[in-house]
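Engineer: Okay, so the sequence shown: first residue is 1030 according to the numbering used here, each after it adds one.
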Amino acid sequence: MPPPNCSEPSAVVETAVATLLECGLGLLGNAVALWTFFSRLRVWKPYAVYLFNLVLADLLLTLCLPFLAALFLQHRACSPGHAPGRVLLFLWALGRSVGVAFLTAVALDRYLRVVHPRLRVNLLSLRAARGISVLVWLLMVGLSHQNLLGPTATAECAGSESRGGGPGGLTWQEVLSFSQFVLPFGLILFCNAGILRTLRRRLRDADKQPKLQRARALLATVVVLFALCFLPSFLAQVLLAAFRGADSCEVWTALVHASQVASSLTGLQSVLNPVVYCFSSPAFRHSYRKVFLTLRGRGPEAQEPGCELRDSDS
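1. As a quick exercise: from Leu1241, Leu1132, Leu1057, pick the residue whose alpha carbon is nearest that of Asn1082.
2. In three-state terms, what does DSSP make of Arg1314?
3. Tell me the rounded alpha-carbon separation between Ala1182 and Leu1080.
4. Along the chain, where does the alpha helix (DSSP H) containing Val1285 start, and where does it finish?
5. Whose C-alpha, out of Ser1288, Val1252, Arg1273, Leu1167, is nearest the C-alpha of Pro1261?
6. Identify the continuous alpha helix (DSSP H) that holds Arg1139 and give its terminal residues.
7. For Ala1224 and Val1143, what's the separation of their Cα atoms in angstroms?
8. Straight-line CA distance for Trp1121 to Ala1157?
9. Measure the beta-carbon distance from Phe1259 to Phe1210 and round it to whole angstroms, keeping in mind my assumption that it falls under 8 Å.
10. So which of Leu1228, Val1127, Leu1257 has the shortest CA-CA distance to Leu1164?
11. Beta carbon of Ala1136, beta carbon of Ile1217: below 8 Å?
12. Relative to the ligand MN, is the shortest distance from any of its heavy atoms to the C-beta of Phe1207 smaller than 7 Å?
13. Examine chain D for any beta-carbon lying closer than 8 Å to the beta-carbon of Phe1081, and answer yes or no.
14. For Ala1099, which of Leu1088, Pro1113, Ala1086 has the nearest alpha-carbon?
15. State the CB to CB distance for the pair Val1150 and Leu1141, rounded to an integer number of angstroms; the pair is presumed to be in contact (CB under 8 Å).
16. Suppose only complete runs of 4+ residues qualify. What are the alpha helix (DSSP H) ranges in the segment 1210–1269, listed by chain order?
17. Quick one: any contact between the segment 1060–1080 and the segment 1307–1316, if contact means 3 or more CB pairs under 8 Å?
18. May I ask you to report which of helix, strand or coil DSSP gives Arg1071?
19. Quick check on Pro1303: buried or exposed, where buried means 16 or more other Cβ atoms within 10 Å of its Cβ?
20. Measure how close the beta-carbons of Val1251 and Val1305 come, nearest whole angstrom, since I'm counting them as under 8 Å.
21. Use the C-beta contact count for Ala1249: other C-beta atoms within 10 angstroms, 16 or more gives buried, fewer gives exposed.
22. Report the CB separation of Ser1173 from Phe1119 in whole angstroms; it is logged as a contact under 8 Å.
This is how it looks when you write it as structure tokens:
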């Protein structure tokens, strides 16, 4: 049985976590993206539906961040009897899981349209895409509902986890957490590699090289964003599972604190995803440029006509 203070909170770690959560605020970038969907897009396709749901997930994550940071500093987010803390952790986990799901859906949709353009699945209707989006939200609600039951199953409250079970005894929540990183990341890598190979064959002419460079930038951005936000948390959870049976209280405490900091990095996806939107369509680039120029006091640019959201790889 570990000493009672083996996972004692660290003021330095809590301050770092709260700072990272607050720095993850991407309200402006995602609000501009949402405005672009409603004001500039005239033609919607399944790709746009998935991207729109990604924006909604980012907004949900963004709205939770300041409240979660405040509760974390007050030692209340992980309190078993603190219902607002459990609700915030549930919404945080939901926004994060849904964001990963739709980032993967965007990569898969792009892969099918570029590498296998003749498949019938590419003729998916808007109604079907919306139905798939609803199912994704419902599935993630079901997978994240354990965060409402208490802190013991959450990575954000890793300090409250039991050390029993030995290094080989993975909980259901840990297995789920691992699969939510390994499967999407593996699928994104596979899809992007296939897209890049196909585009290299199709875009060999000199006049098509700028389009190839934009596609490469988009693919690299998605992979780097995913790795930056989720790889540290995944590695920290692997180490926690591996060292659960360790007798050293110092090692366990260090791993718990590392897991808390790494988990907070996942909130950065809400502020970094607008980079993906910029590469996805000129409509987003124009909107962000317009806001940037307005903030600099140079006034808005001339309004461009509404357009269809087109994948930069197509």
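Glycine residues also receive a C-beta, built at the ideal position from the N, C-alpha and C atoms.
Bear in mind that the values here come from a model prediction, so they are computed numbers and not experimental data.
Structural biologist: Let's see:
1. Against the sequence shown, residue 1082 aligns to sequence position 53. Ranked by Cα distance from Asn1082, the options Leu1241, Leu1132, Leu1057 are led by Leu1132.
2. Working through the sequence shown from its first residue, we reach residue 1314 at position 285. Helix, per DSSP.
3. As a position in the sequence shown, residue 1182 is number 153, starting the count at 1. As a position in the sequence shown, residue 1080 is number 51, starting the count at 1. Because the pLDDT of Ala1182 is 39, which lies under 50, any placement of that residue in the model is unreliable, and the question is left without a value.
4. Position 256 of the sequence shown, counted from the start, is the residue given in the question as residue 1285. Run containing Val1285: 1278–1293, per the alpha helix (DSSP H) assignment.
5. Along the sequence shown, one-based indexing puts residue 1261 at 232. Closest by C-alpha distance to Pro1261, out of Ser1288, Val1252, Arg1273, Leu1167, is Ser1288.
6. In the sequence shown, counting from the first residue as 1, residue 1139 sits at position 110. 1112–1144 is the span of the alpha helix (DSSP H), which, as asked, contains Arg1139.
7. Position 195 of the sequence shown holds residue 1224. Position 114 of the sequence shown holds residue 1143. The residue asked about is misnamed: residue 1224 is Ile in this sequence, not Ala. Near 6 Å, if we compare the C-alpha coordinates of Val1143 and Ile1224.
8. For the purposes of this step, residue 1121 is taken as the residue at position 92 of the sequence shown. For the purposes of this step, residue 1157 is taken as the residue at position 128 of the sequence shown. Computed Cα separation, rounded: 27 Å.
9. Working through the sequence shown from its first residue, we reach residue 1259 at position 230. Working through the sequence shown from its first residue, we reach residue 1210 at position 181. Indeed they touch by this definition, with Cβ atoms about 5 Å apart.
10. Counted from its first residue, the sequence shown places residue 1164 at position 135. Looking at the Cα atoms, Val1127 is the closest of the given residues.
11. Position 107 of the sequence shown, counted from the start, is the residue given in the question as residue 1136. Position 188 of the sequence shown, counted from the start, is the residue given in the question as residue 1217. For Ala1136 and Ile1217, yes; Cβs fall inside 8 Å.
12. As for the ligand MN, it is missing from this structure, which has no ligand bound.
13. The structure shown contains no chain D, having only a single protein chain.
14. Residue mapping note: residue 1099 aligns to position 70 of the sequence shown, counting from 1. The option with the nearest alpha carbon to Ala1099 is Pro1113.
15. Working through the sequence shown from its first residue, we reach residue 1150 at position 121. Working through the sequence shown from its first residue, we reach residue 1141 at position 112. Val1150 to Leu1141, Cβ: 6 Å. Contact.
16. Runs of the alpha helix (DSSP H) spanning 4 or more residues and lying entirely within the segment 1210–1269 do not occur at all.
17. yes
18. Your numbering for residue 1071 matches position 42 in the sequence shown. The answer is strand: DSSP assigns Arg1071 an E or B state.
19. Looking up residue 1303 in the sequence shown gives position 274. When all chains shown are included, Pro1303 counts as buried.
20. As a working note, residue 1251 is residue 222 in the sequence shown. As a working note, residue 1305 is residue 276 in the sequence shown. The beta-carbon distance between Val1251 and Val1305, rounded to whole angstroms, is 6 Å. This is short enough to meet the 8 Å contact definition.
21. In the sequence shown, the residue the question calls residue 1249 occupies position 220. Exposed, by the Cβ-count rule.
22. Counting from 1 along the sequence shown, the entry for residue 1173 is found at position 144. Counting from 1 along the sequence shown, the entry for residue 1119 is found at position 90. Rounded to whole angstroms, the Cβ separation of Ser1173 and Phe1119 is 6 Å, and the two are in contact under 8 Å.
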